[in-house]
Structure formats: C-alpha cells, structure tokens
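Heads up, our numbering is the position in the sequence shown plus 9, with the first residue counted as 1. A short worksheet on the structure shown next.
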Amino acid sequence: EDVNGQPQAVTGAAFKSHDSKHGWWVVAQQQLTSHNGDASRGLSIFANATVHDKETNFVDNYQQIGLTYKGPFNSRPKDDIGVGIARIHVNDDVQDRVRLANQISGINDFDNPGYLPVQSTEYNSEIYYGFHVTNWLTVRPNLQFIKHPGGVDQVDDAIVAGIKIQSKF
Numbered sequence: 010e011d012v013n014g015q016p017q018a019v020t021g022a023a024f025k026s027h028d029s030k031h032g033w034w035v036v037a038q039q040q041l042t043s044h045n046g047d048a049s050r051g052l053s054i055f056a057n058a059t060v061h062d063k064e065t066n067f068v069d070n071y072q073q074i075g076l077t078y079k080g081p082f083n084s085r086p087k088d089d090i091g092v093g094i095a096r097i098h099v100n101d102d103v104q105d106r107v108r109l110a111n112q113i114s115g116i117n118d119f120d121n122p123g124y125l126p127v128q129s130t131e132y133n134s135e136i137y138y139g140f141h142v143t144n145w146l147t148v149r150p151n152l153q154f155i156k157h158p159g160g161v162d163q164v165d166d167a168i169v170a171g172i173k174i175q176s177k178f
C-alpha cells in the first residue's frame with residue numbers, strides 16, 4: 010500500500026511507513042549417536058525455522074533441516090559430512106504487487122526487459138564433506154541443487170558446486 014492506503018503499484022506514491030517489526034524463530038540441534046563411545050563424533054540432526062512480519066519483510070518464512078556426521082572415518086576423526094534442505098518463501102503481498110505492476114504496464118513476458126518476475130518459493134538442498142586439514146583449517150567442498158532459483162518458477166533449476174575454506178586463529 011501507499012501512504013494513502015491505495016495499491017502503490019497503481020499510484021506510484023510513497024510506500025506506507027510501518028514503525029514496528031516482529032518475527033520469531035526456533036533452532037534445534039541434537040546429537041543422535043556417538044562413534045564407538047566418542048561423543049565428539051557421530052550423527053546429529055538440526056532444524057531452523059523463522060517467520061517474519063508480513064507488513065515489513067520481503068521474505069515471510071524460512072525452514073531448514075539436515076543431518077551432519079562428525080568423524081565419519083577412523084582415519085579422519087575431525088572431518089564431517091552433511092546434507093540439508095531448505096525452503097524460503099517470498100511474502101504474498103510482494104507477489105501481488107509485482108503481478109499488479111506487470112498488469113498495469115501490460116508486460117507479461119520474460120522477453121521484455123521491463124517484466125518483473127513473480128517470486129514465490131525457492132528450495133535448496135546441499136551435500137558437503139569437510140576436510141579438517143589442520144586445527145586451524147577446514148576445506149569444505151559442496152554440491153547444491155536449487156529448485157526455482159530466486160523463487161521464480163520459470164527459471165531453470167540449478168546445480169552449483171562450491172567450496173568453503175574456514176580458518177580459525
């Protein structure tokens with residue numbers, strides 16, 4: 010909405026101002042097993058969820074769940090392997106505004122540079138292996154699959170290879 014309570018995409022006036030912001034989150038992590046009695050090794054599960062104020066946030070909710078295993082091999086007791094999935098959702102009000110802006114401009118096609126893609130939900134999955142090289146260096150290659158990148162259904166799914174280098178001093 011604009012400052013007058015009308016659809017901002019129609020009027021072009023300034024957006025309505027909000028003076029508050031709220032949200033909540035929950036985070037859980039639990040080690041499920043140990044490796045041959047060693048509690049520093051074993052299988053763990055984690056989960057995160059957030060909900061954001063729909064009046065002020067582009068993203069209104071996010072969820073993530075996964076598994077990690079520390080010390081998967083006796084010869085590599087400080088390495089870890091993990092897999093996770095996540096979902097991120099764009100606020101329905103944002104989607105409605107984009108649809109209205111496209112309708113007003115008469116643009117409904119990706120081939121037009123003025124087209125605004127409607128963003129909805131993106132899904133991510135990742136698998137990684139963390140090589141504990143030294144006490145101060147971990148190298149973690151990963152492979153990710155992204156369904157609906159950017160939350161846009163019309164965008165091709167993506168496979169991404171990455172690497173994370175983590176150092177501790």
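Every residue gets a Cβ at the ideal spot worked out from N, C-alpha and C, and that includes glycine. Since this is a predicted model, take the numbers as computed values, not measurements.
Here the stretch 39-58 does not lie against the stretch 13-27, with fewer than 3 beta-carbon pairs under 8 angstroms apart. The stretch 113-176 contains, as complete beta strand (DSSP E) runs of 3+ residues, the segments 130-143, 146-156, 167-176 (chain order).
Taken in chain order, the complete beta strand (DSSP E) segments of 3 or more residues contained in the stretch 20-90 are 32-40, 51-61, 68-79. Cβ neighbours of L125 within its own chain (closer than 7 angstroms, five residues either side excluded): V107, A110, N111. Within the same chain, Cβ atoms closer than 6 angstroms to the Cβ of Q175 are found at T147, the five residues on either side in sequence being excluded. Excluding five sequence positions before and after Q39, the CB atoms of its chain that fall closer than 7 angstroms to its own CB belong to S53, I54, given in chain order. With distances taken between CA atoms, K63 lies nearest to H27 out of R85, N45, H27, L76. Counting the other CB atoms within 10 Å of its CB gives H61 a total of 16 or more, which places it among the buried residues.
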